[in-house]
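Below: one structure, written as structure tokens.
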Amino acid sequence: MRQLTAIAQVTFKEGIRERVFLGVIVFSVLLFLGSGFVADLSIGNILKVTQDIGLSGLSFLGLFMAIFLSTSLIAKDLDKKTVYLVVSKPIARWQYVWGKFLGLCALTTFALAIGLIAFLISLFYFWKTAPLIQTPHIAWTKHLLAFIFLNFKMFLLIAIAIFFSSFCSSSLIAFFFSFMFYLTGANLQNVKMILSSRLGEKVSPYLKAIFNFAYYFLPNLSLLDLKQAAVHNLPLNESNLILVLIYALSYTMALLFGASFIFSKKELN
Amino acid sequence: MSVITLNNISKTYKRGLKQKIVAVKKLNLRVEYGEIFGFVGPNGAGKSTTIKIMMGLIFPDAGEVQLLGMPYTQPAARRKVGFVPEQPVLYDHLSGEEFLYFAGALYGLSPKELKNRVWQLMELVGLKEAGKRRLRSYSKGMQQRLVIAQALIADPELIVMDEPLSGLDPVARMEIMDLIKSLREQKKTIFFSSHILHDVEMVCDRVALLVKGELRFLGTPHSIEETFRRELQECAS
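Protein chains in written order, with the numbering used here: chain A, 3 to 271; chain B, 200 to 436.
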């Protein structure tokens, strides 16, 4: 356990002291603080647009942390052979994989928490100053839920990034595959809806079969996206949410077990 | 029981679809307790491959490896082993102190156990003043000394060093040589790899010469020179 914690701590420290990390955090904070002013230029309800921009911004911040920073930090370890100093110690390879995962999760959560604070400050300010004609109601609990689910989505993305990093020869390839996984996973639900509608009747059955395979095999990330429910205060089914969390955790674990297995067979030349 | 046992180790690398390069060929070697064992050979002889196999970084195609009487694949086999890899890059953003705490934690040591040990080692390798500085500000010599310090953090019985003197200036080389000599006094077993015969002659009790993945000589450093010269000429021709 001590080994696992040590790897997680070093991953967190290395990540947090990266200039890229600091740059992204400063940029995100400025973006969140300014989101209300951007929303002010729009025609719609300022508060709703502020929430939309804020939650989307958090999602992009998490995506950057989960995929870009994960693949680049692991590649740095492997390419520069820093990993030699870690796996030559009395630890099993799976401990390296899980330690990295925990460190990256902490790093992403930390970044998202900073972003959330900036977003909430901005939202609170516009909530207090919004004209009475607009609906001042904000579903704070659903915002919190959306944030928690966003974190779980990012943990899953980190596991995807680690999985691809465990066998891809370069960080660019690992990044590309992870990002493709994200794009596909985030849009599976929409594509399924289109295919079940009248538009889907024209699609070839072979393409539908391929999609059905992808639908059940790839991670359905849209299930973890509660942005719309938070912004528009839509009803949420509690038992459904628990099932979604179990689904996300199971998928994350399966990817980490896969990555641990591949990494234990990997030749560290 | 030997500290290191290599029985019929072979390793082949694939280059492209068809080409195969034999890095190590049926290597048998035993290193005994308390000796400084030199592992020499020209560049590309298979020294680093052998060391990487011993440390569990890569896997042999055939053969058996034991460290301190345990199969090398068991993490427990490395509990009393320190490793100095060839020119590793350290974590830029950690300080020297943080890096040694990290290395110690990987051996399962608690911060309480490490508190004195970290600064003792910092002093031993002459980095006490720089202990709080980030590693990216360390010179190559300082980084190499820190890598040696991390190898000693758990008071190992065996220290495996892969080209520990490469790329260092003469002063840093002398300092590390003195450090190796002081480890001999502490009865540590050292596996010292180098492609420079003179370095090995200065500190080692026994020497093995590896050429094209094969063991060509095993004996005292004084008797190796002629064999080494002959093998080098063979390699060049």
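Beta carbons are placed, not taken as given, at the ideal position from N, Cα and C, and that holds for glycine.
Taking Cβ to Cβ, would you say residue i is nearer than 8 Å to residue j?
i: tyrosine 89 of chain A; j: leucine 256 of chain B; result: It should be pointed out that residue 89 of chain A corresponds to valine in this sequence rather than to tyrosine. The answer is yes: Cβ separation under 8 Å.
i: leucine 104 of chain A; j: alanine 10 of chain A; result: yes
i: valine 239 of chain B; j: isoleucine 252 of chain B; result: no
i: threonine 272 of chain B; j: isoleucine 208 of chain B; result: no
i: glutamate 413 of chain B; j: aspartate 361 of chain B; result: no
i: leucine 357 of chain B; j: leucine 266 of chain B; result: yes
i: leucine 63 of chain A; j: lysine 155 of chain A; result: no
i: arginine 344 of chain B; j: leucine 364 of chain B; result: no
i: leucine 147 of chain A; j: threonine 254 of chain A; result: no
i: proline 241 of chain B; j: valine 410 of chain B; result: yes
i: threonine 13 of chain A; j: glycine 101 of chain A; result: yes
i: tyrosine 300 of chain B; j: arginine 278 of chain B; result: no
i: alanine 256 of chain A; j: isoleucine 160 of chain A; result: no
i: isoleucine 235 of chain B; j: cysteine 403 of chain B; result: yes
i: threonine 73 of chain A; j: phenylalanine 177 of chain A; result: yes
i: serine 381 of chain B; j: lysine 331 of chain B; result: no
i: alanine 120 of chain A; j: valine 31 of chain A; result: yes
i: leucine 65 of chain A; j: tyrosine 184 of chain A; result: yes
i: tyrosine 217 of chain A; j: lysine 194 of chain A; result: yes
i: valine 317 of chain B; j: glutamate 296 of chain B; result: yes
i: alanine 94 of chain A; j: proline 274 of chain B; result: yes
i: methionine 376 of chain B; j: methionine 401 of chain B; result: yes
i: threonine 211 of chain B; j: lysine 217 of chain B; result: no
i: threonine 52 of chain A; j: phenylalanine 128 of chain A; result: yes
i: methionine 321 of chain B; j: glycine 268 of chain B; result: no
i: serine 224 of chain A; j: leucine 190 of chain A; result: yes
Does the ligand HEM have even one heavy atom less than 7 Å from the beta-carbon of residue i?
i: alanine 353 of chain B; result: The ligand HEM is not part of this structure, which contains no ligands at all.
Quick one: what's residue i bridged to in DSSP?
i: serine 392 of chain B; result: B:Phe238, B:Asp361
i: serine 209 of chain B; result: B:Ala261
i: methionine 269 of chain B; result: B:Leu266
i: alanine 407 of chain B; result: B:Phe238, B:Leu417
i: isoleucine 220 of chain B; result: B:Tyr212
i: threonine 13 of chain A; result: DSSP output for threonine 13 of chain A lists no bridge partner at all.
i: threonine 204 of chain B; result: B:Arg229, B:Gln265
Could you check how far apart the C-beta atoms of residue i and residue j are, in whole angstroms? I think they sit under 8 Å.
i: arginine 405 of chain B; j: threonine 419 of chain B; result: 6 Å
i: leucine 125 of chain A; j: glycine 56 of chain A; result: 6 Å
i: glycine 303 of chain B; j: leucine 313 of chain B; result: 4 Å
i: glutamine 319 of chain B; j: leucine 87 of chain A; result: Between leucine 87 of chain A and glutamine 319 of chain B the Cβ distance is about 20 Å, and since that is not below 8 Å, they are no contact.
i: valine 99 of chain A; j: serine 262 of chain A; result: 5 Å
i: glutamate 16 of chain A; j: leucine 75 of chain A; result: 6 Å
i: serine 61 of chain A; j: leucine 152 of chain A; result: 6 Å
i: valine 442 of chain B; j: valine 280 of chain B; result: Examination of residue 442 of chain B is not possible in this model, given that chain B is present from 200 through 436 alone.
i: alanine 276 of chain B; j: leucine 308 of chain B; result: So it is not a contact: roughly 18 Å between Cβ atoms.
i: serine 241 of chain A; j: tryptophan 96 of chain A; result: That pair is no contact at about 33 Å.
i: glycine 262 of chain B; j: threonine 388 of chain B; result: About 21 Å separates the two Cβ atoms, so there is no contact after all.
i: serine 168 of chain A; j: isoleucine 264 of chain A; result: 4 Å
i: arginine 223 of chain B; j: glycine 245 of chain B; result: Reading off the sequence, residue 223 of chain B comes out as valine, not arginine. Between glycine 245 of chain B and valine 223 of chain B the Cβ distance is about 4 Å, and since that is below 8 Å, they are a contact.
i: glycine 187 of chain A; j: leucine 236 of chain A; result: Contact flag wrong, Cβ pair sits at about 21 Å.
i: histidine 292 of chain B; j: arginine 333 of chain B; result: 6 Å
For residue i, would you say it is in contact with chain C, using Cβ-to-Cβ distances shorter than 8 Å as the test?
i: lysine 102 of chain A; result: Any reference to chain C falls outside this structure, whose protein chains are A and B.
Inset, instruction - Pick out the complete alpha helix (DSSP H) segments inside the region 181 to 267 of chain A, 4 residues or longer, and give them in chain order. - result: Here the runs fully enclosed are 207 to 219, 229 to 233, 240 to 267.
Legend entry - 3 or more residues per run - each beta strand (DSSP E) lying fully within the region 88 to 147 of chain A: The qualifying runs do not exist here; there are none.
Inset, instruction - Identify each residue in the region 75 to 93 of chain A for which the Cβ-Cβ distance to at least one residue of chain B is less than 8 Å, and report them in chain order. - result: Look at the region 75 to 93 of chain A: the residues with a C-beta under 8 Å from a C-beta of chain B are Lys82, Lys83, Thr84, Tyr86, Leu87, Val88, Val89, Ser90, Lys91, Pro92, Ile93.
Legend entry - Within the region 268 to 348 of chain B, ranges of the beta strand (DSSP E) (whole runs, at least 3 residues): Within the region 268 to 348 of chain B, the complete beta strand (DSSP E) runs of at least 3 residues are 280 to 283.
Legend entry - Contact list for the region 231 to 259 of chain B against chain A, Cβ threshold 8 Å: Against chain A - using a Cβ distance shorter than 8 Å - the residues of the region 231 to 259 of chain B are Lys251, Met254, Gly255, Leu256, Ile257, Phe258.
Inset, instruction - Mind checking the region 262 to 288 of chain B against chain A and listing, in chain order, the residues whose C-beta falls within less than 7 Å of any C-beta there? - result: Answer set for the region 262 to 288 of chain B: Pro274, Ala275, Arg277, Arg278, Phe282, Pro284, Pro287, Val288.
Inset, instruction - Name, going along the chain, the residues of the region 378 to 400 of chain B whose beta-carbon falls closer than 9 Å to a beta-carbon of chain A. - result: Interface annotation for the region 378 to 400 of chain B against chain A: empty, criterion Cβ-Cβ distance under 9 Å.
Inset, instruction - Could you run through the region 294 to 312 of chain B and flag, in chain order, every residue whose CB is less than 9 Å away from some CB of chain A? - result: Listed by position, the residues of the region 294 to 312 of chain B near chain A (Cβ gap below 9 Å) are Glu297, Phe298, Tyr300, Phe301, Ala302, Gly303, Ala304, Leu305, Tyr306, Gly307, Leu308, Ser309.
Inset, instruction - May I ask you to list, following chain order, the residues of the region 342 to 358 of chain B that have a beta carbon less than 8 Å from some beta carbon of chain A? - result: Listed in sequence order: Val346, Gln349.
Legend entry - the region 323 to 338 of chain B: positions lying closer than 9 Å to chain A by Cβ: Cβ proximity to chain A below 9 Å picks out Arg333 from the region 323 to 338 of chain B.
Legend entry - Positions along the region 403 to 425 of chain B whose CB lies within less than 7 Å of some CB in chain A: Within the region 403 to 425 of chain B, not one residue has a Cβ closer than 7 Å to any Cβ of chain A.
Legend entry - Within 9 Å of chain B by C-beta, residues of the region 18 to 39 of chain A in sequence order: Of all residues in the region 18 to 39 of chain A, Ile18, Arg19, Glu20 have a Cβ within less than 9 Å of some Cβ in chain B.
Legend entry - Near-chain B residues of the region 5 to 18 of chain A (beta-carbon distance less than 7 Å), N- to C-terminal order: Within the region 5 to 18 of chain A, the qualifying residues are Gln5, Ala8, Val12, Lys15, Glu16.
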